[in-house]
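As they're listed, the protein sequences go chains W and Y.
If you use our numbering, the first sequence corresponds to residues -6 to 107, in order.
If you use our numbering, the second sequence corresponds to residues 9 to 119, in order.
For each residue, glycine too, the CB sits at the ideal point set by N, CA and C.
Remember, it's a predicted structure, so these values are computed and weren't measured experimentally.
One structure below.
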Amino acid sequence: DAGVTQSPTHLIKTRGQQVTLRCSPKSGHDTVSWYQQALGQGPQFIFQYYEEEERQRGNFPDRFSGHQFPNYSSELNVNALLLGDSALYLCASSSQGGAGETQYFGPGTRLLVL
Amino acid sequence: QKEVEQNSGPLSVPEGAIASLNCTYSDRGSQSFFWYRQYSGKSPELIMSIYSNGDKEDGRFTAQLNKASQYVSLLIRDSQPSDSATYLCALEGAGGFKTIFGAGTRLFVKA
């Protein structure tokens, strides 16, 4: 039973560029949430996708966008990268994603913006 | 005021001792609370979830919730060096689909 997978594992970009991160949920899960974790901080909720729609969004600018595919996998896109976007980006999957549902995190993508 | 507050630590305890990790939160409407463990360079993993006032035990771990005081804690009995990690307190945020995390408490268990 494959867990949550993310790609790539590491990424280096320069300011102003665009980046796409990918996530495949755990088998049987249909909901994907994305988080940003800066060094020394807890994960910050970016948004959640369910049934190919953005269901809830955190306090992130429109430069952060996403997509969910019919197979439940998801992408996170960040445009016009800033130095402050350097962080670990975590994907978490769950079943229906409601209150109290257990989330399983992927290994993350470490993004460095120079 | 932050939504979830934790002492950043580090908290250092000897092997075999009880480690006590604390967390306060600001949203009285929160109903679901979680403790995650995160080893350095790894992703968070869920240790405990708690929804009702009182204690919930799972092996060496006990979560305690006091909604009136807006306080959640995690006790780790018989602490082992392998318990050394950052412990993240989290709760269900407004809207019901997002999880709000604290900044975490670093725990060191000395052999």
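Only 24, 26, 28, 30, 33, 34 and 35 from the segment 22 to 35 of chain W bring a Cβ to less than 9 Å from some Cβ of chain Y.
Membership of residue 20/W in any beta strand (DSSP E) is not indicated, and neither H nor E is assigned to it by DSSP. According to the DSSP secondary-structure assignment, residue 62/Y is paired through a beta bridge with 73/Y. Residues of the same chain with a CB within less than 6 Å of the CB of residue 40/Y, apart from the 5 flanking positions on each side, are 59 and 100 in chain order. Interface residue (Cβ-Cβ distance to chain Y less than 8 Å): residue 49/W is classified as such. For the pair of segments examined, the segment 75 to 87 of chain W was found not to touch the segment 28 to 48 of chain Y: the number of CB pairs separated by less than 8 Å stays below three. Taking 7 Å as the upper bound on Cβ-Cβ separation, chain W lies near residues 59 of the segment 59 to 81 of chain Y. For the C-beta of residue 83/W, the chain Y residues within less than 8 Å are, from N- to C-terminus, 51 and 52. The C-alpha of residue 18/W lies about 19 Å from the C-alpha of residue 30/W. Going by DSSP, residue 30/Y is part of the beta strand (DSSP E) stretching over 27 to 33.
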